[in-house]
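Asker: This structure is in C-alpha cells; I'll ask about it shortly.
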Amino acid sequence: MKRGGYMGKILEIDLSMKTSRTTPTGEDLMRDFIGGRGFVAKLLWDLVPRGAAPFSEENVVVIAPGPLTGVFLPGSGKVHMGTKSPASGGYGDSNMGGHFSPEIKCAGYDAILVRGKGKEPTLVVIEDDKVAFQDAGDVWGRGAITAESMLKKRLGEDFQIATIGPAGENLVKFACVSHDFGRQAGRTGVGAVWGWKNLKAIAVRGTKTIPVAEPEKAFQKGKEMYAACFHKPGFQTWTPYGTAEVVDWVNKVGAFPTRNFSETYFEGYRGINGQALKDRIKVTDKGCFGCPTPCGKYSRARTALGEVLVEGPEYETIALLGGNVGLDKIEEVAYANAVADELGLDTISGGNVAAFAIECFQKGLLTEKDVGRKLAWGDLGSVVFLLEKMARREGIGDLLAEGVRTASRKIRGGSEKFAIQVKGVEWSGYEARWAPAMMISYMTCDVGAHHNRSWAITYDVAKGRDTLEGKADKAIELQHIRPVFDALGLCRLQWVEIGFELENYAELFPMVTGMDYRWEDLIRASERTWNLTRAFSAREIAGFGRSYDYPPERFMEEPVPDGPAKGKLIRRAQADALLDDYYAKRGWTPGGLPGKAKLEELGLGYVAGELEKDGYSLKP
Amino acid sequence: MKIVLSCVGGSAQYFPGGGKKIEVEARDRDTIEDMLARLGVSKDLFMFAQANGEKVDLSYRVREGDDIMLVSPLAGG
Chain Z
3 MKRGGYMGKI LEIDLSMKTS RTTPTGEDLM RDFIGGRGFV AKLLWDLVPR GAAPFSEENV
63 VVIAPGPLTG VFLPGSGKVH MGTKSPASGG YGDSNMGGHF SPEIKCAGYD AILVRGKGKE
123 PTLVVIEDDK VAFQDAGDVW GRGAITAESM LKKRLGEDFQ IATIGPAGEN LVKFACVSHD
183 FGRQAGRTGV GAVWGWKNLK AIAVRGTKTI PVAEPEKAFQ KGKEMYAACF HKPGFQTWTP
243 YGTAEVVDWV NKVGAFPTRN FSETYFEGYR GINGQALKDR IKVTDKGCFG CPTPCGKYSR
303 ARTALGEVLV EGPEYETIAL LGGNVGLDKI EEVAYANAVA DELGLDTISG GNVAAFAIEC
363 FQKGLLTEKD VGRKLAWGDL GSVVFLLEKM ARREGIGDLL AEGVRTASRK IRGGSEKFAI
423 QVKGVEWSGY EARWAPAMMI SYMTCDVGAH HNRSWAITYD VAKGRDTLEG KADKAIELQH
483 IRPVFDALGL CRLQWVEIGF ELENYAELFP MVTGMDYRWE DLIRASERTW NLTRAFSARE
543 IAGFGRSYDY PPERFMEEPV PDGPAKGKLI RRAQADALLD DYYAKRGWTP GGLPGKAKLE
603 ELGLGYVAGE LEKDGYSLKP
Chain P
307 MKIVLSCVGG SAQYFPGGGK KIEVEARDRD TIEDMLARLG VSKDLFMFAQ ANGEKVDLSY
367 RVREGDDIML VSPLAGG
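Protein chains in written order, with this note's numbering: chain Z, 3 to 622; chain P, 307 to 383.
Structural data, given as C-alpha cells:
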C-alpha cells in the first residue's frame, strides 16, 4: 500500500546563518514515534547537545504536526512544539490548535526545526519550498495578537502566523507562542526560547496536497466521523459553553484552584462559570481547523479598566486567572485573559505567579515597597499590574518572570510551601489533594504540573477518592492514550467531550498512512515516547528523579480548609506510595528512572547507554 | 414509573451499560440523585443532566416517561 499522511520532509532553519535545508523524514522516526509529540521527543533527544542551555544557539525548537493533521476528520488541526525548557531545564512541549499545523503540512513538511539565534528580530516566512528571513523590527515589542494582525496585513490573509509577545522577547520562563488571535502553545516556556533566538514570528503558506494512502476509504470514514459528531448527544451540551462549562463541577468536587490553591472551593464561581460567560460576554463560537464542535468563544467584556474583545476565557484561564486570584466576575477574567494573551503569557502559569505574589504580599513576605503597590485577592488592578510587570521584567516582575519555584527560593520565608509547581512548571486547573489518580498524574507528567497527559478525577470519584489502589495504573493508562492524539496531530476533545470511540482513530490511521498499525501499536509508540521524554530530563538535569516528582508542600502538609474536600491532603508517605507503585508498574527504578530492560524492550537501548554514562543506575 | 437513563462523555465507562440508554424503575418524587444512589453510581461523576433535551440539575424530580441524559465533566480544558 502506498504511504500517506506524511509529507516526507523536515525543514531545518538556522537563524544565525539565515539558511534552511530539508532532510527526508526518517522511516524509523515515523515507525517508532508516529509524529507530533513523538517527533518532538525524538528530535530533541537527537539534536539538542547534552548540557546545552535552554537559552543557547544549540537549543532546538521542534514544531511538528502529525500524520493525521490536515486530513479530513474532526479536530485535525493540532501542532506540537517542544524545546529544552527554560522553566524546567528538562523536556518541554506544548500544543496549540488553530490553522498553523495543517498549513505546515500543505507547505510540505512533517516538522520544522529552528536552531541558532537571529542577529536581529526575525520573521521567518515559509511559502511552500521557499524560506525567507525578514526583519521583524517593526513588530518587535508589539503584543502577540497585535503582531499577528500586523503581519496578516503585510503578508496576506492566506498566511498562518505564530508570534510571541513581549513576555517571550523578555525571556519570561512561561512565555507562550500565540496563533490565530487566541490559540497558544502556552506551557513550558517555548515562547521564551523563541524570544532568545530573536524569533518574533513564523508565517506559513502551503499549497500542496497531503497524500492519503486510501483516499476513498479515508474520506468515507471522515464523513462518518463528522456526521457522528453532530448526532452525538454531547454535541448540544458542549458547544454553547465550551470548556467553561466545567467550572461548577470542579467546585462541586472540591478541586477548583482558589486563592493560590489555599482552598479548593471558590464561593464566587457562579460569576465566572459557563453560564456567566454565555449570558454576559460571549459573542460567538470559534473553532480550529476542521472542527465541528468549537470550544473557543469570542467574548466582549467591559470592566473598570476598559473593554476587551478576546478569545476566551477557557476553563484553565477561568481557574487560574479567576478563582486562583479571587476574581469573581467573568468580565474581569476576560480582561485579564486579554492582557495575558497580548503580552504572550501562559495564562495558567501567569495566574499561578500572580496568585503566589498576592499571597506573599498578604503574608508580609513582599511589601508595598518591594512591589510598587498593594496587592489584594479579587482585585483586577493587582492582577493586571503583576502580569504587565512580569512580562516586561520590570521591578518585582523580573523575579516573578522566573516562575514560582525560583521566585520562592529567593523570597524564602516559607513561600516555597505555596509555590504550586512540579519540575518548575506551575500547576494547572485541578487541585488534587482529594484525588490521588489526578495527583500522581500531575506528579509524573513529563513537562511539569499539567493536566493534559492524564486527567483522572472521575476515576478517583468512581473508584474511591481516599484509596491509592489502582491510581498509578490509571495515570499510566491515560498517559499513553491521551498523547496518542498529540502524536497524530489531533485534538482529543472529540473523544473526551463528544464521546468518539478510540476505535475510530485506530481505523483511520492505516487508511491515511498506509501503515499497518493497530491501536496497541500507537499505544506502544506513546509509551516509547513517554520513556524518552523522561530520559531527556534525566540526561539534562543532574540528579533528576524521584525528588522532582513530589507535589508542592502545601498539598502534603495543609489540609484543605473548607468546602467539599475539607480536611483532605496527600501526605508525603502517600505520595511516596503512589510513586513506588507508579515506578514499579512502568518498569522504572525506585529512583524514578526508566529501567534498562524497559528501555531495551521499547527499542531505546541507546538511551540506556547515555544515562549510564551519567552514573545513573537503571536496575528496577 | 419507568424512565430512560443514559450518559455521555468520559463517565459513561462507570455507568451501567457503558452509558447507553437503560430503562429504570423510578419511585414517586425521585430525583436524578436518588436514582443514581440506588444504582450505586456517584452523582459527582456528572456535571448536570438533560431531561427530554432540557438542561436540569441532578436535583430534578423525574416524571413518567422522562428521557434523562447525564453529562460527564469535560476531561481537561
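Using N, Cα and C, we set each Cβ at its ideal position, and we do this for glycine too. Please read all numbers here as calculations on a predicted model, not as lab measurements.
1) Interface residues of chain Z around P/Tyr320 at Cβ under 9 Å?
2) For Z/Trp429, which residues in chain P fall below 8 Å Cβ to Cβ?
3) With respect to the alpha helix (DSSP H) encompassing Z/Glu333, which residues constitute its N-terminal and C-terminal limits?
4) Closer than 7 Å, Cβ to any Cβ of chain P: which residues of the segment 487-503 of chain Z, in chain order?
5) Against chain C, does Z/Gly374 count as a neighbour if the rule is that its beta carbon must be under 8 Å from one of theirs?
6) Please go through the same chain and pick out, in chain order, the residues whose beta-carbon is closer than 7 Å to the beta-carbon of Z/Glu614, but skip the five residues on each side of it.
7) Listing by chain order, which chain Z residues have their CB less than 7 Å from the CB of P/Gly316?
8) Could you check the C-alpha separation between Z/Asp160 and Z/Cys108 for me, to the nearest Å?
9) Determine, using beta carbons only, whether Z/Asp551 and Z/Gly594 come nearer to each other than 8 Å.
10) Just the C-alpha distance for Z/Met9 and P/Gly316, rounded to the nearest angstrom, thanks.
11) Throw me the rounded Cβ distance for the Z/Val195 and Z/Val406 pair, which I believe falls under 8 Å.
12) Kindly indicate which three-state DSSP category Z/Asp563 falls into: helix, strand or coil?
13) Mapping DSSP to helix, strand and coil, what is P/Ala332?
14) If you measure beta-carbon to beta-carbon, which residues of the segment 247-275 of chain Z are closer than 8 Å to chain P?
15) Beta strand (DSSP E) containing Z/Asp16: first to last residue?
16) Give a yes or no on whether the minimum CB-CB distance between P/Asp350 and chain Z is below 8 Å.
17) Assuming Z/Glu309 is part of the alpha helix (DSSP H), what are its boundary residues?
18) Evaluate contact between the segment 333-349 of chain P and the segment 582-597 of chain Z, counting only Cβ atoms and requiring at least three cross-stretch pairs below 8 Å.
19) Does any residue of chain Z bring its CB to less than 8 Å from the CB of P/Ala357?
20) Just the chain P side, please: which residues come within less than 7 Å of Z/Pro235 by C-beta, in chain order?
21) Quickly, what does DSSP pair Z/Asp112 with across the bridge? List them, please.
22) Restricting to Cα atoms, I'd like to know which of Z/Asp140, Z/Asp131 and Z/Ala113 is closest to Z/Glu122.
23) What's the gap between the Cα of Z/Pro512 and the Cα of Z/Phe487?
24) Cβ atoms of Z/Pro69 and Z/Ile36: under 8 Å apart, would you say?
25) What does the alpha-carbon distance come out to for the pair P/Gly359 and P/Gln319?
26) 8 Å is my cut-off, CB to CB: does Z/Thr446 come that close to chain P?
27) Can you look up Z/Ser351 in the DSSP assignment and give me helix, strand or coil?
28) Considering only residues of the same chain and omitting the five flanking positions on each side of Z/Glu318, which have a CB-CB separation below 7 Å?
29) Give me the Cβ distance between Z/Asn172 and Z/Ile422, rounded to the nearest whole Å; I'm assuming they're in contact under 8 Å.
30) Give the single residue among Z/Phe183, Z/Phe176, Z/Trp142 and Z/Gly501 whose Cα lies nearest to the Cα of P/Leu380.
31) When the distance is taken between beta carbons, is Z/Thr245 closer than 8 Å to Z/Cys290?
32) Measure the C-alpha to C-alpha separation of Z/Gly191 and Z/Val335 and round it to an integer number of angstroms.
33) Closest by CA to Z/Arg526, which one among Z/Gly6, Z/Lys11 and Z/Arg33?
34) Mind checking who P/Ser312 pairs with in its DSSP beta bridge?
35) Evaluate the contact criterion for the segment 123-140 of chain Z versus the segment 196-207 of chain Z: three or more CB pairs, one atom per stretch, below 8 Å.
36) So what does DSSP say about Z/Met636, is it helix, strand or coil?
Answerer: Once the coordinates are examined:
1) Identification of chain Z residues near P/Tyr320 by a Cβ-Cβ cut-off of 9 Å yields Thr460, Tyr461, Val463, Ala464 and Lys465, ordered along the chain.
2) Per Cβ cutoff of 8 Å: no residues; Z/Trp429 is ~14 Å from chain P at best.
3) Ile332 to Leu345
4) Val498, Glu499 and Gly501
5) Checking the listed chains, one finds no chain C in this structure; the protein chains it contains are Z and P.
6) Leu620
7) Thr460 and Val498
8) 12 Å
9) Yes, these two residues count as a Cβ contact at 8 Å.
10) 34 Å
11) In this structure Z/Val195 does not touch Z/Val406 by the C-beta definition: roughly 20 Å separates them, more than the 8 Å allowed.
12) Correcting the residue identity first, residue 563 of chain Z is Pro in this sequence and not Asp. If DSSP states are grouped into helix, strand and coil, Z/Pro563 belongs with coil.
13) coil
14) Glu247, Val248, Asp250, Trp251, Val252, Lys254 and Val255
15) Lys11 to Asp16
16) yes
17) For Z/Glu309, there is no enclosing alpha helix (DSSP H); the enclosing beta strand (DSSP E) has its first and last residue at Gly308 to Glu313.
18) no
19) For P/Ala357, the answer is no, since every Cβ of chain Z falls outside 8 Å of its Cβ.
20) Val314 and Met375
21) Z/Asp112 is not bridged to any residue.
22) Z/Asp140
23) 15 Å
24) Yes, they are a contact pair.
25) 22 Å
26) In terms of beta-carbon proximity, Z/Thr446 stays away from the interface with chain P, with every pair separated by 8 Å or more.
27) helix
28) Thr349, Ile350, Ser430 and Gly431
29) Cβ-Cβ separation between Z/Asn172 and Z/Ile422: approximately 23 Å, too far for a contact (criterion under 8 Å).
30) Z/Gly501
31) no
32) 22 Å
33) Z/Arg33
34) P/Ser312 is bridged to P/Met375.
35) Verdict: yes, contact present.
36) Lying before the first or after the last residue shown, residue 636 of chain Z is absent from chain Z, which here runs from 3 to 622.
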